[in-house]
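Notes to accompany the following structure.
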Ligand code: AMP
Ligand code: GLY
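Residue numbers (the working numbering): 25 to 436.
See below:
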């Protein structure tokens with residue numbers, strides 16, 4: 025099989041390594057890939073939906089897998105299907121569940137999916153009125169895609185006023201801020217549940233804990249994810265039952281009723297409070313760095329799961345009892361201003377972890393930094409401690425200028 029993976033992060037490196045190890049896979053293409061994918065196949069520059077479609081035709085790609093959200097929202101799945109190309113991912117209408125927080129909140133409300141109470145506002149005047157009446161803290165979300173930065177937790181009315189001004193008048197995230205979702209603040213712990221949809225059912229993976237904040241102790245700015253642990257040690261069987269009854273089941277009913285059925289990934293971002301699981305958001309893709317800890321524990325062949333879902337078959341996901349830990353090494357300044365282009369040293373001294381590059385590229389015989397999240401170290405063990413010790417030990421020799429990482433991943 026000839027496979028195309030769209031994307032360039034640590035998630036795509038994890039997908040690539042997994043599929044590369046499958047003897048059915050003969051050739052892999054990555055648009056645009058990174059230093060890991062370059063060693064497994066061919067990195068290509070195509071980026072628009074049309075360019076990717078032409079590439080898939082020219083290279084006789086048998087299966088395309090989409091990593092990030094933007095191409096899904098742009099309609100890559102509809103376009104590929106239209107040309108008879110096999111692709112795993114949400115079609116454009118379903119991708120709006122991630123691409124528009126207003127649309128997804130209305131969907132959750134319509135189908136009684138347990139979520140924070142919220143109001144969708146379309147005008148600055150309506151936003152002003154809403155924040156004046158609201159209890160604090162409150163959460164303000166730009167409806168459109170804002171690279172993970174469009175959510176602000178406001179403790180005071182003054183902060184909320186500044187935020188709606190930034191989003192709606194200054195338009196700091198462009199059109200993403202034309203509509204806002206203003207919602208109740210929920211207190212609890214977060215969990216990520218990723219599922220595979222076969223068009224009529226969703227098969228879910230073990231719950232994952234993602235470390236979103238940049239600094240130890242969950243302080244500082246929100247990031248794409250500084251590390252992850254699977255399975256989440258906090259998420260109990262009881263939480264799972266609550267999630268299935270009050271979020272998963274009504275989601276399936278809503279997808280059917282709105283003809284939003286698709287064959288691809290779906291990610292439930294949950295807040296688990298004293299009153300149970302609430303859905304914060306849907307993503308129509310695998311998580312990053314969640315994928316990096318799910319795949320090492322998955323006992324099914326990923327290619328079988330994807331192929332079966334595309335054929336509308338039932339899937340029984342199986343996971344080992346081991347624990348997996350992913351530590352993300354970042355460029356100084358991340359998630360704000362970063363400098364790149366630094367050589368990464370000490371990679372040959374990594375002994376017990378897998379290195380998955382993200383913002384890193386191969387340049388002649390060197391690997392250099394190209395992004396904020398540079399690489400992931402992933403290890404498994406019989407216990408969380410064993411897996412954690414492996415990644416932290418291997419992080420010591422790996423170095424590039426201004427590198428940093430969190431010290432408390434998988435420390436419970
Ligand atoms: P979202 O993109 O909607 O998942 O929001 C990004 C992050 O903001 C989440 O991962 C949470 O950490 C936080 N967040 C979003 N909504 C809420 C809420 N209602 N209450 C508390 N924190 C939230
Ligand atoms: N790690 C969260 C995400 O992929 O959105």
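Think of the CB as a built atom: it goes at the ideal place given N, C-alpha and C, for glycine as much as any other residue.
Residue i CB to nearest heavy atom of the ligand AMP below 7 Å
i           : result
residue 304 : yes
residue 12  : Residue coverage of the chain in this structure runs from 25 to 436, which leaves residue 12 outside it and unanswerable.
residue 10  : Because the chain spans 25 through 436 in this model, residue 10 falls outside it and cannot be assessed.
residue 238 : no
residue 293 : yes
residue 208 : yes
residue 155 : no
residue 140 : yes
residue 175 : yes
residue 73  : no
residue 270 : no
residue 163 : yes
residue 246 : yes
Expected contact under 8 Å - CB spacing of residue i and residue j to nearest Å
i           : j           : result
residue 107 : residue 89  : Rounded, the Cβ-Cβ distance is 17 Å, inconsistent with contact.
residue 166 : residue 210 : Their Cβ separation, rounded to whole angstroms, is 19 Å, which puts residue 166 and residue 210 out of contact at 8 Å.
residue 333 : residue 287 : 5 Å
residue 291 : residue 258 : With 8 Å as the limit, residue 291 and residue 258 do not qualify as a contact, their Cβ atoms being about 18 Å apart.
residue 170 : residue 144 : So it is not a contact: roughly 16 Å between Cβ atoms.
residue 350 : residue 391 : At roughly 19 Å, the Cβ-Cβ gap does not stay under 8 Å, so residue 350 and residue 391 are not in contact.
residue 155 : residue 206 : 7 Å
residue 437 : residue 321 : The requested residue 437 is not part of the displayed model; the chain covers only 25 to 436.
residue 37  : residue 371 : Going by Cβ atoms, the distance from residue 37 to residue 371 rounds to 14 Å, so no, they are not a contact pair.
beta-carbon residue i near the ligand ADP non-hydrogen atom, thresh 7 Å
i           : result
residue 156 : With respect to small molecules bound, the structure shown includes the ligand AMP and the ligand GLY and not the ligand ADP.
Any C-beta of chain C under 8 Å from that of residue i
i           : result
residue 132 : Here chain C cannot be found, since the structure has a single protein chain.
(request) Please list, in chain order, all residues with a C-beta atom less than 5 Å from at least one heavy atom of the ligand GLY. (result) 234, 249, 311, 312
(request) Within the region 37 to 68, note down every full alpha helix (DSSP H) run reaching 4 residues or more, in order along the chain. (result) Counting whole runs of 4 or more residues, the region 37 to 68 contains the alpha helix (DSSP H) stretches 59 to 62.
(request) At 3 residues or longer, and completely inside the region 231 to 269: list those beta strand (DSSP E) runs for me, N to C. (result) If we require 3 residues or more, the beta strand (DSSP E) runs fully inside the region 231 to 269 come out as 237 to 239, 243 to 246, 251 to 254.
(request) Output the residue ranges of the beta strand (DSSP E) runs that lie fully inside the region 174 to 235 and measure 3 residues or longer, sorted by chain position. (result) 175 to 178, 204 to 208, 213 to 221, 226 to 228
(request) Could I get the ranges of all uninterrupted beta strand (DSSP E) runs contained in the region 278 to 357, with 3 residues as the minimum, in chain order? (result) 289 to 297, 300 to 307, 347 to 354
(request) Tell me, please, whether the region 187 to 203 touches the region 243 to 253 by the rule of three or more beta-carbon pairs shorter than 8 Å. (result) no
(message) Between the region 304 to 318 and the region 355 to 366, can you find at least three pairs of beta-carbon atoms closer than 8 Å?
(response) These segments do not touch.
(request) Report the residue ranges of all alpha helix (DSSP H) runs contained in full by the region 360 to 412; include only those spanning at least 4 residues, in chain order. (result) none
(message) When you compare the region 405 to 424 with the region 263 to 281, are there three or more beta-carbon pairs, one atom per stretch, that lie closer than 8 Å?
(response) Below 8 Å, too few C-beta pairs join the region 405 to 424 and the region 263 to 281 to call them touching: fewer than three.
(message) Any contact between the region 391 to 400 and the region 31 to 48? By contact I mean 3 or more CB pairs, one from each, below 8 Å.
(response) Inter-segment contact for the region 391 to 400 and the region 31 to 48 is present: three or more beta-carbon pairs are separated by less than 8 Å.
(request) Mind listing, in chain order, the continuous beta strand (DSSP E) runs of no fewer than 3 residues lying wholly within the region 66 to 122? (result) Secondary structure remark: continuous beta strand (DSSP E) runs of at least 3 residues inside the region 66 to 122, in chain order: 66 to 68, 87 to 90.
(message) Is it the case that the region 98 to 105 contacts the region 39 to 52, given that we only count it when at least three CB pairs across the two stretches are under 8 Å?
(response) As far as the Cβ criterion goes, the region 39 to 52 does not touch the region 98 to 105, which means the pair count is below three.
(request) Taking 8 Å as the threshold, find out whether the region 232 to 247 comes into contact with the region 375 to 390 through three or more Cβ pairs. (result) no
(request) Indicate whether the contact test is met: 3 or more Cβ pairs, each with one atom in the region 329 to 343 and one in the region 109 to 126, closer than 8 Å. (result) yes
(message) When you compare the region 182 to 193 with the region 136 to 154, are there three or more beta-carbon pairs, one atom per stretch, that lie closer than 8 Å?
(response) yes
(message) Can you confirm whether the region 340 to 348 touches the region 61 to 76 when touching is taken to mean that 3 or more C-beta pairs between the two stretches lie within less than 8 Å?
(response) Contact between the region 61 to 76 and the region 340 to 348 is absent, because fewer than three Cβ pairs lie under 8 Å.
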